[in-house]
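Protein chains in written order, with our numbering: chain A, 441 to 1399; chain B, 1117 to 1501; chain C, 5 to 164. For every residue, glycine included, the Cβ atom is placed at its ideal position computed from N, Cα and C. All values reported here derive from a predicted model rather than from experimental measurement.
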């Protein structure tokens, strides 16, 4: 149907859901946001601050333009956008359909809540009755229990239940008989049999007699909840509200592991001083149970000594969670830093860890801040808090072994467990219902190379539902998912909400502002290509600039190392070259630009012919689409002028160079990239037993390059496994500081250990010595556990040096952006605006933005494209009434306001020599008005004249 | 490099006039800015002179300080002119001009600033008196010069110099291109000039002067000057605290103020093209006046007198250069600069800021550090961030 | 909201009893930033925390929006005290408005005490969105301290 506004369903109102919703809403689409709990914000609304800063800043997710459409308030107070319908306390009942035509039914819990669905649990074992009751009542179901079939029948006669869960084997009447009797009393009762593994046949038989389903002991609380939820939803389905949407984004998040459910609960639930990190977060918060004080939850005494135990319910085969939960290390870093800085009473803050996973761009630095603040990081895994241990008045005794094997003990007031994350009951149920591909642990597995896509067309996924994620990756992924939804709606021919009538404003120019309708993407690597394709697919012209003579960037050499990457690169290249909206300019770079942001006129110029611009291994030149042919006699193609409204920086980067000299060829020292290329080109004889030493963090996480590059540890593991697969007697030793394998990549670490790869930790400043000559390499180190000097002869030494960004400051500044301390694109906010500069028209993606693997690069590219499309698809923006204005008659052009504006929204117009405001960059904060001494800078309601009236008014009100 | 000019005819004024003429003749300067009389009137104002034979009325050194040349320099350097301007400026005028360049109201690129040990200034009434002695004014001027540079004085004959001058803590050139070192000099014989920058060196080199040296007694005299001025400032500061230590007494201090805004007009660092007190911000509705009258029983008009002065204190709190023009210009003889200098010289200490000393030193309110001034944050019950 | 002219037969006590120093009720103005402190104020409200109503809240978008003239005007209009409260450093929605506010308040604290307006009458606090308790405590403490200082003599007479 033409003229129909595109609508997307977003399931889950956490930050991923909010981000995706806002991106879609800002682009002009409608969003139906469903949230199960009673408020939006998800997990994050329980965290006052989030790593890698000790600040919040969630409100920076709100749109920077067209602010009149969304309530300007802290997101903890609420979210309200004209284009988003938010339904909290709402259950998703059913979802069916295809892209462009999904039917969704949902029900507010007030209209048919779980409290209308009483459950009867029948089991002779008290523990079963009690735990079922706990799990179900926590979800809102009223629960009654019966210890025998007879009692159950009594209860059924008295009251009415919707669901009965019954054991089969019980003394007295058995479950199957109960089933028959119960159905006589109440035919519509939904009955679920509970059975031990051996008696499954009986359960199946019972189903023929009217039981709905069965559950197998030992019970997984999620399985129980899913079962009951399914029954409940089917029962209320006819009261549900129905709607039709074009696309669906699953953003339902994940949940924390409950320590007491694990084999080693560390006393959680028994020792009051043992808390989870979420509970501790609330204790830190001034809005939490302790108010302004940090006190023991039971004794009420001030807390002075705190310990954190990492990897509780993560990296733990015994609990079925062998993956790493990615964020717990950084959460503990943040909490320990905050505990020390917010509460001077805290004398001891100690984090017990295995690998300190500080893998984000700013995370390593944040951990250093914690160390500087006095937090102790101890590489040790506490075995347990002894059974029978009583927490005495002096604290909780914690025992561990230090690397030399000595026993250490210390007392703590609080022990904070950092539990891992796993899918929650909703996600498990939804994935099953929708037949989504999940990984081994129940998280939704996105399609390879299509970040955010599930196996079901039209259903996209982001955030914690795909696995443990930090804010940065969640927000990036959410924008990428929003793009996918936009693509569905665009191909279904949906419209966007056009601008409402111009907002009324006194004395304000109500002319709209437009961006030039095109995008400039600088960098023809996979990030640039993905961004260009996504933007072009939405109907906008793209100029793609690449300084070498080919597309593909680093993926050209990396494609053999990643499964499926070769054909993916081929497809993308063909798509880019064949796209009629993309003009490719190879051997071209940006010379300069003119015009205000959003109305850029950029000059592209051919790159001078130097060796570094041509790739000797690729003799064939890819055709330039739409550009004049390059004359082989060395003549230059003329400069090209490009008008564009947004710019995407995707210039990539390269492996950082090591500080050691490398030999030209033959056995010896390699960088990780060189080694990979050697392996891929079969220059390394992996079929014979080799001795290889790998060194992580070479030059990384040190002054000069003080970030973790995220890709080196997984890559080294991949190479190690390959060597081991080549010959089991190959000896591979990896010297590491912390193995950075967050999330699901932890499995590679596990596999490598199983395959016999040896891991030797080292401390910064105590790097193993590496010597090489034409016979091979030699490594000398002091083993941290044996305490002895060790030596190893190696055929190859591989140095993992990490990534160096390739973005020049001049290029960034050309568009009003800048580099951060480490040389990457300085994003406006590492958590909340990861792919944008302060000016939302300047975007970046790929490894010039931040180090990461192919998946992250593609996600950031799609996120950047989502932002670009959101902006370009608005024909006209109407600045809100809170946009700053300049009264030129008063203005002395002192530029104090330009210095003061945090958004570079003010400038001197060279033609008229007057001070002007960029209405799309201005955020209406009023800082300019306060800085201006003469009242030339004004913001409606936010400058001197109205404020004086207000002050007079409030001080003349009677008490 | 230090050069020296030989004094001619026992007239420092004439010597300096020839000096300026020389630079106009050689083309080292396309124009000079020097205080000058107009016709027969004794009053002097900054004068832009491009011709070497028009210097006979200039009064480079004297007690006449009718206009702070800082804003005039602004006008002359607002955009590039493609010519070299040599500006003869008092220390407070240099400070003012430097502060104005920070506010993009002018630029130093095409200017060579010649500063001098300050000859100080008289109030309008005293100047009239002094100029009306009946002598040839040039004799009076020479006498003035000889008196003030021999040793620190606060008075010449019957006339006390303005209070602002008496408390000025930097009455010597700072941040100039050339500094004329007059204090303690044998001015009958020579005048010593020191080049402080490359530009200054270039100018002096083009003037083909002989070598010179700083007057021997100058450093000691400057030290004496500093001691005297510090004491005088402390006395004034205490006086001001006494006279304006409460809002009530502040009100009394300004009870003769009629909102003429002269002080603002002549203030060199009050640069706004239009003052906020001329805008709608203070154009209250008549009901507001009635509300005030109702609340307090009366409203003295014109309104916003104290508000104006407090605002100005906040606006120039760090940039007041202590030139004293505000007092000189006040028709009600309110010692405005006594108050402003006292308050601002203390206020700017919080930012370790001294106006005019460094072109590159940013205005305190234009910059910030991530962690600073934690002492003023919070209610004092826990660690401030 | 201006007051109408007094009714002719009106009895004492005066319409604004706070002008009577014997029955001193402090009147203060708080400029609170829309994002953090205002949310904390809201949270204090929804948490049913009580604090004295002597403080008149004026919502500004950012503490960086607080012109020194607002503070001066508030005192001249009869405030006994002025509080400026916003986001913690690093949390400002507009990135660095609070840093600018800190400098402006610092300057005002060099100027106002010279005229007898005690430095303690002008306060700057960082109160985050979750700090409902802190907001209520700050308001309470603020009012009590000002009560101890007594009326600001700027408001005992008309000075504008």
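Item to check | Proximal residues of chain A, C-beta to C-beta of residue 156(C) below 8 Å | outcome: By one-based count along the third chain, residue 156(C) stands at place 152. None at all; the shortest Cβ gap to chain A is about 12 Å.
Item to check | Ranges of the beta strand (DSSP E) found wholly within the region 1313-1374 of chain A, counting only runs of at least 3 | outcome: 1346-1349 and 1354-1357
Next on the checklist: Is there a Cβ of chain C sitting closer than 8 Å to that of residue 1384(A), yes or no?
Outcome noted: Counting from 1 along the first chain, the entry for residue 1384(A) is found at position 944. Cβ-Cβ to chain C under 8 Å: yes for residue 1384(A).
Checklist entry - Are the CB atoms of residue 481(A) and residue 446(A) nearer to each other than 8 Å? => result Reading the first chain from its first residue, position 41 is the one you call residue 481(A). Reading the first chain from its first residue, position 6 is the one you call residue 446(A). No, Cβ-Cβ distance for residue 481(A) and residue 446(A) is not below 8 Å.
Checklist entry - For residue 1449(B), is the classification buried or exposed, using 16 other Cβ atoms within 10 angstroms of its Cβ as the cut-off for buried? => result By 1-based counting over the second chain, the position of residue 1449(B) is 333. Per the 10 Å Cβ criterion, exposed.
Checklist entry - Whose Cβ in chain A lies nearer than 8 Å to the Cβ of residue 43(C)? => result The residue you call residue 43(C) lines up with position 39 of the third chain. Residues of chain A passing the Cβ test: 513, 514, 516 and 517.
Checklist entry - From 767(A), 891(A) and 1078(A), pick the residue whose C-alpha is nearest to that of residue 1048(A); which is it? => result As a position in the first chain, residue 1048(A) is number 608, starting the count at 1. Among 767(A), 891(A) and 1078(A), the Cα nearest to that of residue 1048(A) belongs to 1078(A).
Item to check | Under 9 Å from the C-beta of residue 143(C): neighbouring residues of chain A | outcome: Position 139 of the third chain, counted from the first residue, corresponds to residue 143(C). Near residue 143(C) there are no residues of chain A at all, since even the closest Cβ is about 14 Å away, more than 9 Å.
Checklist entry - Out of 70(C), 110(C), 127(C) and 28(C), which has the shortest C-alpha to C-alpha gap to residue 1340(A)? => result In the first chain, the residue the question calls residue 1340(A) occupies position 900. Checking every option, the nearest Cα to that of residue 1340(A) belongs to 70(C).
Checklist entry - the region 1195-1213 of chain B: which residues have C-beta closer than 9 Å to a C-beta of chain C, in chain order? => result Residues passing the 9 Å Cβ filter: none.
Next on the checklist: With a threshold of 8 Å between beta-carbons, can residue 1331(A) be considered close to chain B, or not?
Outcome noted: Taking the first chain and counting its residues from 1, the one referred to as residue 1331(A) is at position 891. Yes, its Cβ sits closer than 8 Å to a Cβ of chain B.
Checklist entry - Does DSSP put residue 1093(B) in a helix, a strand or coil? => result Because chain B in this structure spans residues 1117 to 1501, residue 1093(B) falls outside the shown range and cannot be described.
Checklist entry - Counting along the chain, where does the beta strand (DSSP E) carrying residue 62(C) start and finish? => result What you label residue 62(C) is simply residue 58 of the third chain in a count that begins at 1. Residue 62(C) -> beta strand (DSSP E) spans 59-64.
Item to check | Segment contact, 8 Å Cβ cut-off, at least three pairs: the region 1154-1161 of chain B with the region 1337-1345 of chain B | outcome: no
Item to check | Proximal chain B residues relative to residue 163(C), where beta-carbon distance stays under 8 Å | outcome: For this step, residue 163(C) is matched to residue 159 along the third chain. Within 8 Å Cβ-Cβ: 1363, 1364, 1366, 1367 and 1422.
Item to check | Any beta strand (DSSP E) of 3 or more consecutive residues that is wholly inside the region 790-839 of chain A | outcome: 816-819
Checklist entry - Nearest CA to the CA of residue 500(A): which residue from 1269(A), 550(A) and 1014(A)? => result For the purposes of this step, residue 500(A) is identified with residue 60 of the first chain, where counting begins at 1. Looking at the Cα atoms, 1269(A) is the closest of the given residues.
Item to check | Where residue 1392(A) meets chain B, residues with beta-carbon distance less than 9 Å | outcome: In the first chain, the residue the question calls residue 1392(A) occupies position 952. Neighbours of residue 1392(A) on chain B, chain order: 1400, 1404, 1407 and 1408.
Checklist entry - Comparing the C-beta of residue 74(C) with each C-beta of chain B, is any distance below 8 Å? => result Counting from one through the third chain, the residue named residue 74(C) turns up at place 70. Contact with chain B is absent for residue 74(C), since none of that chain's Cβ atoms lies less than 8 Å from the residue's Cβ.
Next on the checklist: Looking only at its chain, what residues have a beta carbon closer than 6 Å to the beta carbon of residue 468(A), apart from the 5 residues adjacent to it on each side?
Outcome noted: The sequence position of residue 468(A) within the first chain is 28, counting from 1. 936 and 937.
Next on the checklist: Taking a contact to mean a Cβ-Cβ separation below 8 Å, would you say residue 774(A) touches residue 489(A) in this structure?
Outcome noted: Locating residue 774(A) in the first chain gives position 334, where the first residue counts as 1. Locating residue 489(A) in the first chain gives position 49, where the first residue counts as 1. Contact flag set, yes.
Item to check | C-beta neighbour in chain A for residue 38(C), strict 8 Å | outcome: As a first step, residue 38(C) is located in the third chain; it is residue number 34 there, counting from the start. Chain A, which has a Cβ nearer than 8 Å to the Cβ of residue 38(C), makes this yes.
Next on the checklist: Using only CA atoms, which one of 86(C), 129(C) and 97(C) lies nearest to residue 122(C)?
Outcome noted: Working through the third chain from its first residue, we reach residue 122(C) at position 118. Closest by alpha carbon: 86(C).
Item to check | Range of the contiguous beta strand (DSSP E) that encloses residue 541(A) | outcome: The sequence position of residue 541(A) within the first chain is 101, counting from 1. 541-548 is the extent of the beta strand (DSSP E) around residue 541(A).
Checklist entry - Enumerated in chain order, which unbroken segments of the alpha helix (DSSP H) with a length of 4 residues or greater are wholly contained in the region 1331-1386 of chain B? => result 1334-1360, 1363-1369 and 1378-1382
Next on the checklist: Three Cβ pairs or more, each shorter than 8 Å: is that satisfied between the region 973-982 of chain A and the region 915-929 of chain A?
Outcome noted: yes
Checklist entry - So which of 1140(B), 1388(B) and 1135(B) has the shortest CA-CA distance to residue 1166(B)? => result To locate residue 1166(B), count along the second chain from 1; it is residue 50. The candidate whose alpha carbon is nearest that of residue 1166(B) is 1140(B).
Checklist entry - For residue 699(A), which residues from the same chain have a beta carbon less than 7 Å from its beta carbon, with the 5 sequence-adjacent residues on both sides left out? => result As a working mapping, residue 699(A) is identified with position 259 in the first chain. Excluding sequence positions up to five before and after residue 699(A), its CB lies within less than 7 Å of the CB of 705, 706, 708, 716, 752, 753, 857 and 859, all in the same chain and listed in chain order.
Checklist entry - Would you say residue 1350(A) faces chain B, with C-beta separation under 8 Å as the test? => result Residue numbering aside, residue 1350(A) sits at position 910 when the first chain is read from its first letter. No, its Cβ sits nowhere closer than 8 Å to a Cβ of chain B.
Next on the checklist: Tell me the residue span of the beta strand (DSSP E) that contains residue 1405(B).
Outcome noted: Start at 1 with the first residue of the second chain, and residue 1405(B) comes out as number 289. Not the beta strand (DSSP E): residue 1405(B) falls in the alpha helix (DSSP H), residues 1402-1412.
Item to check | 7 Å Cβ cut-off: residues of chain C touching residue 1489(B) | outcome: Within the second chain, the letter at position 373 stands for residue 1489(B). Neighbours of residue 1489(B) on chain C, chain order: 106 and 110.
Checklist entry - Given residue 1218(A), which residues of its chain have a CB within under 6 Å of its CB, disregarding the five upstream and five downstream residues? => result The sequence position of residue 1218(A) within the first chain is 778, counting from 1. Excluding positions up to five away in sequence, the list reads 1211 and 1233.
Checklist entry - Mind pulling the chain A residues with CB within less than 9 Å of residue 62(C)? => result Position 58 of the third chain, counted from the first residue, corresponds to residue 62(C). Result: 1387, 1390, 1391 and 1394.
Checklist entry - The alpha helix (DSSP H) spanning residue 621(A) covers which residue range? => result Position 181 of the first chain, counted from the start, is the residue given in the question as residue 621(A). Note, residue 621(A): alpha helix (DSSP H), 615-625.
Item to check | Residue of 159(C), 119(C), 141(C) and 146(C) minimising C-alpha distance to residue 1358(B) | outcome: One-based indexing of the second chain puts residue 1358(B) at position 242. Nearest C-alpha to residue 1358(B): 119(C).
Checklist entry - Could you give the uninterrupted runs of the alpha helix (DSSP H) lying entirely in the region 1157-1218 of chain B, keeping only those of 4 residues or more? => result 1185-1192 and 1207-1218
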